[in-house]
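There are 2 protein chains.
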Amino acid sequence: MDLHDSARLATPADAEAIAELLDAFNREYDEPSPGPTVLALRLNQLLTGPGTFAIVVGAPISSMGLVTIRTNVWLDGGIALLDEMYTVPAERGRGLGSAVLTAAVAEATRRGAGEFEIEVDEPDVDAHRFYARHGFPVRDPATGDRAFVLRTELTSS
Amino acid sequence: MDLHDSARLATPADAEAIAELLDAFNREYDEPSPGPTVLALRLNQLLTGPGTFAIVVGAPISSMGLVTIRTNVWLDGGIALLDEMYTVPAERGRGLGSAVLTAAVAEATRRGAGEFEIEVDEPDVDAHRFYARHGFPVRDPATGDRAFVLRTELTSS
Numbered sequence: 000m001d002l003h004d005s006a007r008l009a010t011p012a013d014a015e016a017i018a019e020l021l022d023a024f025n026r027e028y029d030e031p032s033p034g035p036t037v038l039a040l041r042l043n044q045l046l047t048g049p050g051t052f053a054i055v056v057g058a059p060i061s062s063m064g065l066v067t068i069r070t071n072v073w074l075d076g077g078i079a080l081l082d083e084m085y086t087v088p089a090e091r092g093r094g095l096g097s098a099v100l101t102a103a104v105a106e107a108t109r110r111g112a113g114e115f116e117i118e119v120d121e122p123d124v125d126a127h128r129f130y131a132r133h134g135f136p137v138r139d140p141a142t143g144d145r146a147f148v149l150r151t152e153l154t155s156s
Numbered sequence: 000m001d002l003h004d005s006a007r008l009a010t011p012a013d014a015e016a017i018a019e020l021l022d023a024f025n026r027e028y029d030e031p032s033p034g035p036t037v038l039a040l041r042l043n044q045l046l047t048g049p050g051t052f053a054i055v056v057g058a059p060i061s062s063m064g065l066v067t068i069r070t071n072v073w074l075d076g077g078i079a080l081l082d083e084m085y086t087v088p089a090e091r092g093r094g095l096g097s098a099v100l101t102a103a104v105a106e107a108t109r110r111g112a113g114e115f116e117i118e119v120d121e122p123d124v125d126a127h128r129f130y131a132r133h134g135f136p137v138r139d140p141a142t143g144d145r146a147f148v149l150r151t152e153l154t155s156s
């Protein structure tokens with residue numbers, strides 16, 4: 000099997016299967032999840048619009064990436080951000096994540112996005128290596144600098 | 000003058016003035032800019048839609064912040080990102096940036112965003128201090144970890 004060929008753009012019909020994977024992902028890392036039903040509803044909406052796409056591999060889906068394209072004042076086609084990447088434990092180490100990321104960058108390019116961003120925690124060195132291999136080094140090749148993302152949760156009063 | 004009170008939500012009518020500031024910002028930092036005319040057209044469009052807002056201070060505007068809210072599968076109200084922050088050189092050190100950031104976080108909260116993100120380069124230590132004072136430390140207070148943003152430019156063939 001050529002893994003690159005097997006990665007495909009998801010449709011809203013894949014929302015339920017992707018929701019199951021995202022829910023499993025958060026359970027694996029002990030993060031809260033609203034549950035697969037809520038996620039499937041949101042994904043169905045998001046995948047219908049122009050701002051979100053997903054790349055999936057396998058039937059049933061065993062690896063997925065979710066990408067948001069946001070508008071930006073400097074770039075007509077906006078900026079793509081890899082929101083999620085997940086491969087089911089039994090299928091890891093076979094290059095499925097590589098196929099997903101490669102296809103995600105290609106799809107963002109096809110949609111006219113001017114940049115592709117990935118957020119990664121400092122201790123997650125395996126992810127750093129994986130992303131560097133795919134053209135996303137931690138240090139900007141031109142400046143040698145790293146860039147941080149700062150975040151805070153918002154709670155409406 | 001109460002600086003907090005003077006920060007206001009921009010309207011599409013402010014697009015030209017904000018475009019002039021963004022263009023000046025990029026010229027100050029030797030970054031390319033498509034020029035104020037193109038920026039004003041884009042801003043006029045973006046500020047008309049739901050995904051972008053700007054906070055401005057002064058008449059004429061001397062300080063501004065530009066925020067994009069992107070959709071997200073985990074958060075119904077999406078994630079806000081501070082795209083730009085700029086104060087004209089003559090007005091720096093008077094707390095205008097604080098007023099803009101405080102109002103930007105309040106407006107993102109009002110719009111229902113679940114998180115607020117800021118990207119900052121590692122060498123920009125003044126910015127780190129400024130953002131930390133406003134509730135955005137470089138290290139996550141819960142985990143002690145930093146998070147990186149990796150990015151690559153996309154060029155369509």
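Protein sequences appear in the order of chains A and B. Residue numbers for the first sequence follow numbering that gives the first Met the number 0, so the first one is 0 and each next one is one higher. Residue numbers for the second sequence follow numbering that gives the first Met the number 0, so the first one is 0 and each next one is one higher. For glycine and all other residues, C-beta sits at the position ideal for the given N, C-alpha and C.
Chain B residues whose Cβ lies nearer than 8 Å to that of residue i
| i | result |
| --- | --- |
| Glu-121 (chain A) | Asp-144, Arg-145, Ala-146 and Phe-147 |
| Ala-89 (chain A) | What Ala-89 (chain A) touches in chain B: nothing, since even the nearest Cβ is about 23 Å away. |
| Ile-117 (chain A) | Val-148, Leu-149 and Arg-150 |
Per-residue burial, residue i [other beta carbons within 10 Å of its own, 16 or more giving buried]
| i | result |
| --- | --- |
| Asp-29 (chain B) | exposed |
| Thr-51 (chain A) | buried |
| Arg-69 (chain B) | buried |
| Arg-128 (chain A) | exposed |
| Gly-208 (chain B) | Given that chain B is displayed from residue 0 to residue 156, the structure contains no residue 208 (chain B) and the question cannot be resolved. |
| Asp-1 (chain B) | Confidence at Asp-1 (chain B) is low in this model, with a pLDDT of 49, below 50, so the placement of that residue is unreliable and no value is reported for it. |
| Ala-102 (chain B) | buried |
| Arg-109 (chain A) | exposed |
| Ser-61 (chain A) | buried |
| Ala-9 (chain A) | buried |
| Ala-146 (chain B) | buried |
| His-3 (chain A) | A caution first: His-3 (chain A) carries a pLDDT of 44, below 50, which makes its placement in the model unreliable, though a value can still be read off. By the neighbour-count rule (16 or more Cβ atoms within 10 Å), His-3 (chain A) is not buried but exposed. |
| Gly-96 (chain A) | buried |
| Gly-113 (chain A) | buried |
| Asp-125 (chain A) | exposed |
| Glu-106 (chain B) | buried |
Under 9 Å from the C-beta of residue i: neighbouring residues of chain B
| i | result |
| --- | --- |
| Asn-43 (chain A) | Neighbours of Asn-43 (chain A) on chain B: none; closest Cβ ~11 Å, over 9 Å. |
| Asp-125 (chain A) | None at all; the shortest Cβ gap to chain B is about 14 Å. |
| Asp-29 (chain A) | Per Cβ cutoff of 9 Å: no residues; Asp-29 (chain A) is ~12 Å from chain B at best. |
Beta-carbon contacts of residue i that lie in its chain and below 7 Å, excluding the five residues immediately before and after
| i | result |
| --- | --- |
| Thr-47 (chain A) | Pro-11 |
| Phe-135 (chain A) | Ile-117 |
| Glu-19 (chain B) | Pro-35 |
| Thr-86 (chain B) | Ser-61, Ser-62, Leu-95 and Gly-96 |
| Val-119 (chain B) | Ala-126, His-127 and Tyr-130 |
8 Å Cβ cut-off: residues of chain A touching residue i
| i | result |
| --- | --- |
| Arg-164 (chain B) | Residue 164 (chain B) lies beyond the range of chain B shown here (0 to 156); nothing can be said about it. |
| Ser-155 (chain B) | Thr-108, Arg-109 and Gly-111 |
| Gly-134 (chain B) | Thr-151 |
Cβ neighbours of residue i in the same chain (closer than 6 Å, five flanking residues each side left out)
| i | result |
| --- | --- |
| Leu-80 (chain A) | Thr-67 and Glu-116 |
| Leu-42 (chain A) | Ala-14, Ile-17 and Ala-18 |
| Arg-138 (chain B) | Arg-145 |
| Asn-25 (chain A) | Ser-32 |
| Leu-65 (chain A) | Ala-53, Asp-82 and Glu-83 |
| Val-104 (chain A) | Phe-115 |
Residue i: contacting residues in chain B (beta-carbon distance under 7 Å)
| i | result |
| --- | --- |
| Val-137 (chain A) | Phe-147 and Leu-149 |
| Thr-51 (chain A) | Thr-70 |
| Ile-38 (chain A) | This sequence places Leu at residue 38 (chain A); Ile is not what is there. Within 7 Å Cβ-Cβ: Val-72. |
Residues near residue i in its chain [Cβ-Cβ closer than 8 Å; skip 5 each side]
| i | result |
| --- | --- |
| Gly-111 (chain B) | Asp-75, Gly-76 and Gly-77 |
| Glu-90 (chain A) | Gly-57, Ser-61 and Ser-62 |
Quick one, which residues of the region 54 to 72 of chain B are near chain A if we go by CB-CB under 7 Å, in chain order?
Leu-65, Thr-67, Arg-69, Thr-70, Asn-71 and Val-72
Closer than 7 Å between beta carbons: that is the criterion. Which residues of the region 11 to 27 of chain A meet it against chain B?
Leu-21
For a minimum of 3 consecutive residues, which ranges assigned as the beta strand (DSSP E) are wholly contained in the region 70 to 113 of chain A?
78 to 86
What runs of the beta strand (DSSP E), each 3 residues or longer, lie entirely inside the region 1 to 35 of chain B?
6 to 8
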